[in-house]
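See structure below.
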Amino acid sequence: MDTPRVGIPEHLAVRMTMAEQHDYLRTVARPTRRGMLRAGAATAGAVTGAGLLGGGTAAYAQPLSPTLLTPAATTKVDGGLVAPFGRHLAFGADPKTEMRISWQVPFAVRRPFVRVGLKPWDLSQRIEAEVRHLHTPALPKKLPAVDQFYLHTALDNLRPGRTYYYGVGHDGYDPTDPRHFSTIGTFRTAPAHPEKFVFTAFGDQGVSYDALANDQLILGQNPAFHLHAGDICYADDSGAGKPSDVYDARVWDQFLAQTESVAKSVPWMVTTGNHDMEAWYSPTGYGGQSARWTLPRNGVDPRHAPGVYSFVYGNVGVVALDGNDISYEITANSGYTHGKQTAWLDRRLRELRGRRDIDFLVVFFHHCAFSTTKGHASDGAVRQAWVPLFEKHQVDLVINGHNHVYERTDAIRGTHVSRKVPIGATVDSARDGIVYVTAGGAGKSLYDFPVPDSYEGHVRDLDSVDSYHWGKGRVKERETVEWSRVRYTGFSFLAVEAEPAAPGGRPRLRVTALAESGRRIDHFDVVRPRRYAARHPRPAVRVSAR
-5 MDTPRVGIPE HLAVRMTMAE QHDYLRTVAR PTRRGMLRAG AATAGAVTGA GLLGGGTAAY
55 AQPLSPTLLT PAATTKVDGG LVAPFGRHLA FGADPKTEMR ISWQVPFAVR RPFVRVGLKP
115 WDLSQRIEAE VRHLHTPALP KKLPAVDQFY LHTALDNLRP GRTYYYGVGH DGYDPTDPRH
175 FSTIGTFRTA PAHPEKFVFT AFGDQGVSYD ALANDQLILG QNPAFHLHAG DICYADDSGA
235 GKPSDVYDAR VWDQFLAQTE SVAKSVPWMV TTGNHDMEAW YSPTGYGGQS ARWTLPRNGV
295 DPRHAPGVYS FVYGNVGVVA LDGNDISYEI TANSGYTHGK QTAWLDRRLR ELRGRRDIDF
355 LVVFFHHCAF STTKGHASDG AVRQAWVPLF EKHQVDLVIN GHNHVYERTD AIRGTHVSRK
415 VPIGATVDSA RDGIVYVTAG GAGKSLYDFP VPDSYEGHVR DLDSVDSYHW GKGRVKERET
475 VEWSRVRYTG FSFLAVEAEP AAPGGRPRLR VTALAESGRR IDHFDVVRPR RYAARHPRPA
535 VRVSAR
């Protein structure tokens, strides 16, 4: 695909912020601006009744702003002929009681809704959905205009630790119709008290056979949720953060269809990478993300920074960040929160670490603090702005993408090894330091290392690796590092089992990296002193019905 000519010299284009690119693209597309995005008020229905979803309290659909509205599409199709696709779930701020259901339809439909209940044959509650219509203007002689219709419903007041059944529909298409009964999906809320569970993670997925294979292997882990560390679908394939980036909105349709087999039952918690800055839609480039996803709105600025939020599941606090805000390497969105994200991170980590019901803190975002690949290596801005906060609040595990490989460090303090962590070892994060994992092998084309791979069954330990990190002004600052412990050039993902403290024991994260084939390529454990077990007995493990 050719890159559209934007008429801006390269030395100027590379310096344009995302906000400047947004204004420029709106000008370029002015002849086809019928339906350009404009902010509007959200519309959502309310449900009254017997309170099926929560103890005596009726469930309801919250207004989910910002809603992206355009004039109604001229295409009119019989609703009975329009099939929903791309279902994906996400937690609200409280996974015990809040779930967000999202999906897509290829044409405008009338009165979309979700049916939900505790039995698949009794989806008695019908909740109106919010429509977010996303219009992408045509590029002359390049790509056609695209209209996409994303539908969302927020379910609150759910019961902890329960499996729910749901179906999505609209006028002319009802999931309870026997013809569509196979589309009924399930989800499970977080338990009321911590118990053993698994979550999975990766970044840099895209649309490919390898991405699909990873999805299916993830489903086999029966995870409570999945973390996606950015570079979600690669509709913006270059990811350079320039106005000349080629953007094809239709790739999102392929991605959501590909991911539905997992995301319809496993909450898909995403954050934003450099390929997820889409200048067509908003000054920060995240208007498209706000249209497609409904994520917790407890971060620094949910309207302009949808990939920044946190949630607590069991004994694990999870924090999502947007590395585009601070990156030295790709600067189109650098500083867009004016330091507010970093200040929020400091506050939020302090709050989470102060809770007695939380043992572990897991942070995930796109740009790597520590990686040695030839592709992107490490970002000095992350080391400067966030690593000190991770250490200050004793974060237990940091998960990144960006580099399309698997790489795992020893335990680190500052930028130096504080304790070697060979494959199969146990690290006490409070005492030994933080392990950083690059899990960027989700499905996009792979990078390579400057030295040989070293992974389980193929260990090639090295005393040091010559690499670099990005400094201010996009300067590559050479460095020789000793922390690169595991390296694997292949498609892979991370599976983490969180285990509360057993009587006389300690809480534990069992971290495993699996290749696309299902082969284990790395594993290690993270432990901490007991906190929660002293106050609550450990409940029996529940098997999630999916």
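Just so you know, we're using this note's numbering here: the sequence shown kicks off at -5 and counts up by one. Don't be surprised by glycine CBs; every beta carbon is placed ideally from N, CA and C.
CB of residue i within 8 Å of CB of residue j, strictly
i    : j    : result
F354 : L221 : no
V356 : V312 : yes
R504 : D516 : no
R402 : R347 : no
D340 : Y330 : no
S458 : A371 : no
S96  : Y144 : yes
P541 : G155 : Beyond the ends of the chain as shown, which are -5 and 540, falls residue 541; an answer cannot be given.
A492 : K136 : no
H387 : L343 : yes
L289 : P300 : yes
H360 : A223 : yes
C227 : G267 : no
G541 : V256 : Look at the range of the chain in this structure, -5 to 540, and you will see that residue 541 is not part of it.
I393 : V421 : no
G235 : A326 : yes
L19  : W274 : yes
V103 : I121 : no
A419 : Q215 : no
S284 : N292 : no
T130 : A139 : yes
Spatial neighbours of residue i in its chain, beta-carbon cut-off 7 Å, leaving aside the 5 residues before and after
i    : result
P114 : Y159 and I178
A251 : F79 and G80
D242 : L137 and A229
T183 : P89, K90, T91, M93, L152, R153, P154, G155 and R156
D204 : G437, F485 and E510
N309 : P188, D351, I352, D353, F354, A492, P494, P501 and Y526
S439 : H398
Integer Cβ distance of residue i from residue j, believed to fall under 8 Å
i    : j    : result
H398 : G435 : 6 Å
A84  : P261 : 5 Å
G465 : Y322 : 6 Å
F79  : E254 : 7 Å
H164 : P106 : 4 Å
M271 : G279 : 4 Å
V302 : A314 : 6 Å
S423 : R522 : 6 Å
V589 : V162 : For residue 589 there is no data in the structure shown, the boundaries of the chain being -5 and 540.
K334 : V294 : 5 Å
G86  : A148 : 7 Å
L391 : V429 : 6 Å
I417 : E450 : 5 Å
L206 : T170 : With 8 Å as the limit, L206 and T170 do not qualify as a contact, their Cβ atoms being about 29 Å apart.
W477 : V411 : 5 Å
H127 : D141 : 7 Å
P237 : Q98  : Actually they do not touch by this definition, with Cβ atoms about 27 Å apart.
Residue(s) in a DSSP beta bridge with residue i
i    : result
T483 : Bridge partners of T483: none, in fact.
I428 : I406
A314 : Y303 and F358
G465 : V469
D460 : T474
T506 : A489 and H517
M93  : F85 and L149
Y449 : H452
A433 : Y400
M263 : L221
Close Cβ partners of residue i (< 6 Å) along its chain, the five nearest in sequence each way excluded
i    : result
Q210 : none
P217 : V192, F193, T194 and V260
R454 : P446 and S448
T367 : N397, V399, Y441 and F443
A77  : none
K470 : Y462
W338 : V294
I324 : G235 and N268
Contact with chain C by residue i, beta-carbon distance below 8 Å
i    : result
D270 : Any reference to chain C falls outside this structure, which holds one protein chain only.
Close Cβ partners of residue i (< 8 Å) along its chain, the five nearest in sequence each way excluded
i    : result
F487 : T194, A195, F196, N208, L211, I212, A433, G435, A436, A507 and L508
G498 : none
> Which runs of the beta strand (DSSP E), 3 residues or longer, sit entirely within the stretch 98 to 180?
Replying inline: 107 to 111, 119 to 122, 124 to 130, 140 to 149 and 157 to 163
> In chain order, which alpha helix (DSSP H) runs of at least 4 residues are fully inside the stretch 327 to 414?
Replying inline: 334 to 347, 374 to 379 and 381 to 386
> What residue ranges within the stretch 182 to 228 form continuous alpha helix (DSSP H) runs of no fewer than 4 residues, ordered along the chain?
Replying inline: 203 to 213
> Going along the chain, which unbroken runs of the alpha helix (DSSP H) with 4 or more residues stay wholly within the stretch 225 to 257?
Replying inline: 244 to 257
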